[in-house]
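Comments concern the structure below.
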Amino acid sequence: MEHIRNFCIIAHIDHGKSTLADRMLEYTGTVAITENQVLDSMDLERERGITIKSHAIQMEYKKDGQTYLLNLIDTPGHVDFSYEVSRSIAACEGALLVVDATQGVQAQTISNLYMAIDHDLEIIPVINKIDMPNAMPEEVEDEIVELIGCDREEIIRASGKTGEGVDKILEAIVNRTPAPVGDASQPLQALIFDSIFNPFRGIITICKIVNGTIHKGDKVKFVQTGMEYDADEVGVLRMQMEPQKSLSAGEVGYIISGIKEATEVKVGDTVTHMDNPCAKAISGFQEVKPMVFAGVYPIDPAEYENLRTSLEKLQLNDAALTFSPESSQALGFGFRCGFLGLLHMEIVQERLGREFNTEVITTVPNVSYMVHDKMGNKMEVHNPSGLPDATDIDYIEEPYIKANIITGADYYGPIVRLCLDKRGELLGQDYVSGNRIELRLLIPLGEIVIDFYDKLKSISKGYASFDYTIDSYKPSKLIKLDILLNGDPVDALSTLTHQDNAVAFGRRMCEKLKELIPRQQFDIAIQAAIGSKIVARETVKQLRKDVLAKCYGGDVSRKRKLLEKQKKGKKRMKQIGNVQVPQKAFLAVLKLD
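So the sequence shown is numbered by the UniProt record's numbering: it starts at 1 and just counts up by one.
Next comes the structure, spelled out in structure tokens:
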């Protein structure tokens, strides 16, 4: 065990951690790199240049005639995937803190660093991209020293592109990271920190062996679910899975036991032997809390069961996704899904289409609210259509977040104005270094769900970084805004919004829907209503046919007769006519501004 090192890489998005991981794999001879970012194997990750899943891989490193096994876990850097990071940290003893030499310390760097310190990980600071012409290693070193209080000599300068400094990083991992603590002779305890779905082999669980040893063919049970299986194959993760006879304490590897049901594997569960079980389960990482909720419906109602299966399989790879069945008058049967943020929602929608060929309609995202009724009961509501009657509601509470924004002093004014427009409250500010400011704010989560991140990036020309933690629920003046088409409410478009914004928001939604809803043979009235009061209206004009074209000359009553006949037909059509709301209309609501 003293020759095993488990470590992860944590950094803000785009600070070059996947490229640095490539150089380490190349340096240790684990894989010959033919293309960049070997570990980002998903098409989506390659296209967007971001890491979505954390990936584990084992390397061999020789030092002083001794071979060390290094288990590297590459993690995502976007604020929406911080749950993946917390899982990786739970399986490690050390962390490489990678900071971009051109950008310095950013909000997500600080947030992930605190998470690693909470788990008592050994932090190895690395400044990446020092080969760039606009690198500022001296200033960034100052920031890191101020942040974690280390000596300057401990900071390693490296470049993921040229491979400079990679040897020093590997040496530091061996010298500074503690070996895993555990006892191979104790009963088996293994922490599941990830799982993969394979259509031929079932569910592959990826875990860290904390105590004990597991051999191929052992009978094992999962503590939380109580399910029992045979370990058909155990092994370690290199570029491919490499089967081994056994895995013992301190190692990271995989177990295949032919599990077919997605619900039987829970990330964070403990695996143990049936005949000699461990006394208690391992306390891993915190339960995930989805923050943004949206309805996901199949475009074809017959695809409902396929969508359920696809979501279950996706949940294996992405433990942060939650879903429960719901139905809507406009869209039929579907699921209410919980996501960590808007990017997470977009990625899930894209993965459903690519990996499972399931085309879906997603409704307007919203957050969960606490509704207190006049009887003194409280209930959590994820969907505006689930609100009780307005006369029964005493007050509604909405979730607030504590946001940290790090930005250049030049953009301070516009960013504060943006936050105040979103009903934010400035708690305080500090100068990080030079002309960079850290702002601490309290903002309602519902205000940042839709377009806050995009606006922040465009105001600051991409330089501001943003991170948040959930604070608490606070009472708020929220009202339900309904959208009616020809007098019928479309529940998928109804939203909960603040009283001050409701009328303007309703007007903008009506204008947008007028552009998107195709014209029919009859007028379509689009209305925004608060309770029974209509606050905005637009009309999609009917397609007109000239019925008088064939009627020329003669008495005016002939024309009137034809027009009356047409009027009756239009009336009948309106009774049975359905208004089709295109998918673009649901998406347009997200981009109203």
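Positions of the beta carbon are idealized from the N, C-alpha and C atoms, including for glycine.
If you're wondering where the values come from, they're calculated on a predicted model, not measured in any experiment.
Residue i versus the options, residue with shortest Cα-Cα distance
i, options, result
"asparagine 435", "Leu307, Val140, Gly295 and Met115", "Val140"
"leucine 191", "Cys207, Ser185, Ala184 and Asp183", "Cys207"
"phenylalanine 452", "Ala21, Ala504, Met241 and Arg423", "Arg423"
"arginine 351", "Gln315, Leu418 and Phe335", "Gln315"
"arginine 23", "Gly160, Ile148 and Gly149", "Gly160"
"isoleucine 526", "Gly554, Ser557 and Ser494", "Ser494"
"tyrosine 68", "Ile530, His382 and Asn6", "Asn6"
"leucine 97", "Gln66, Val126 and His119", "Val126"
"glycine 531", "Ser328, Thr391 and Asn198", "Thr391"
"histidine 382", "Gly569, Val292 and His498", "Val292"
"methionine 115", "His344, Gly94 and Val220", "Gly94"
"glutamine 66", "Asp120, Ile4 and Glu26", "Ile4"
"aspartate 500", "Asp275, Lys457 and Glu447", "Glu447"
"aspartate 471", "Leu513, Ile156 and Leu427", "Leu427"
"isoleucine 89", "Val547, Ile117 and Thr162", "Ile117"
"leucine 170", "Thr28, Asp410, Ala320 and Leu513", "Thr28"
"tyrosine 304", "Lys219, Leu563, Val556 and Gly334", "Gly334"
Reduced DSSP category for residue i - H, G, I as helix; E, B as strand; rest coil
i, result
"phenylalanine 335", "strand"
"glycine 65", "coil"
"methionine 24", "helix"
"asparagine 71", "strand"
"leucine 215", "In the sequence as presented, leucine is not what sits at residue 215; that position holds histidine. Here histidine 215 sits in strand by DSSP."
"arginine 423", "coil"
"tyrosine 552", "coil"
"aspartate 454", "helix"
"threonine 362", "strand"
"glutamate 138", "helix"
"lysine 374", "coil"
"threonine 177", "coil"
"threonine 309", "helix"
"valine 348", "helix"
"aspartate 232", "coil"
"cysteine 150", "coil"
"lysine 541", "coil"
"asparagine 128", "strand"
"aspartate 392", "helix"
"glycine 569", "helix"
"proline 444", "strand"
"glutamine 108", "helix"
"valine 535", "strand"
Alpha carbon of residue i to alpha carbon of residue j, nearest angstrom
i, j, result
"serine 460", "glycine 413", "10 Å"
"valine 210", "glutamine 106", "33 Å"
"alanine 231", "serine 246", "10 Å"
"glycine 103", "cysteine 419", "Checking the sequence shown, residue 103 turns out to be glutamine, not glycine. Using only the alpha carbons, I get a separation of about 23 Å."
"proline 365", "valine 449", "7 Å"
"glutamate 326", "arginine 336", "6 Å"
"lysine 260", "arginine 417", "52 Å"
"alanine 56", "isoleucine 73", "4 Å"
"isoleucine 361", "valine 367", "18 Å"
"valine 535", "alanine 528", "6 Å"
"glutamate 2", "phenylalanine 466", "39 Å"
"threonine 363", "arginine 308", "17 Å"
"threonine 75", "tyrosine 431", "28 Å"
"lysine 568", "isoleucine 483", "28 Å"
"phenylalanine 197", "methionine 274", "24 Å"
"glutamate 346", "arginine 152", "41 Å"
"valine 252", "serine 18", "20 Å"
"lysine 62", "glutamate 26", "14 Å"
"glutamate 138", "threonine 225", "52 Å"
Cβ separation of residue i and residue j, assumed to be a contact under 8 Å, to the nearest whole Å
i, j, result
"glutamine 108", "isoleucine 9", "That pair is no contact at about 13 Å."
"leucine 496", "proline 388", "Not confirmed; about 13 Å, so no contact."
"serine 248", "threonine 272", "About 14 Å; that fails the 8 Å criterion."
"alanine 158", "leucine 20", "7 Å"
"alanine 101", "methionine 59", "Not confirmed; about 25 Å, so no contact."
"leucine 543", "glutamine 521", "6 Å"
"leucine 311", "phenylalanine 323", "5 Å"
"tyrosine 254", "glycine 235", "6 Å"
"serine 257", "tyrosine 229", "4 Å"
"valine 547", "isoleucine 517", "In fact, because the Cβ distance is near 25 Å, the residues do not count as touching under 8 Å."
"valine 223", "threonine 270", "4 Å"
CB contact check: residue i to chain D, cutoff 8 Å
i, result
"phenylalanine 356", "Of the protein chains in this structure there is only one, and it is not chain D."
Touching by the beta-carbon criterion (3+ pairs, under 8 Å), the stretch 389–405 and the stretch 437–449 = Taking 8 Å as the limit for Cβ pairs, the verdict is that the stretch 437–449 does touch the stretch 389–405.
Check: Between the stretch 487–495 and the stretch 368–379, do three or more beta carbon pairs fall short of 8 Å?
Finding: Output reads no: the stretch 368–379 does not touch the stretch 487–495.
- Taking contact to mean at least 3 C-beta pairs separated by less than 8 Å, is the stretch 171–180 in contact with the stretch 194–207? Judged by Cβ distances under 8 Å, the stretch 171–180 makes no contact with the stretch 194–207, as fewer than three pairs qualify.
- Task: Pair every Cβ in the stretch 473–484 with every Cβ in the stretch 389–400, then say whether three or more of these pairs are closer than 8 Å.
- Result: Yes, they touch.
Original post:
Within the chosen definition, does the stretch 264–283 reach the stretch 346–365 through at least 3 CB pairs nearer than 8 Å?
Top reply: With fewer than three CB-CB distances shorter than 8 Å, the stretch 264–283 does not count as touching the stretch 346–365.
| So does the stretch 376–383 actually touch the stretch 503–521, counting three or more Cβ pairs closer than 8 Å? | Cβ pair count under 8 Å is below three, so no.
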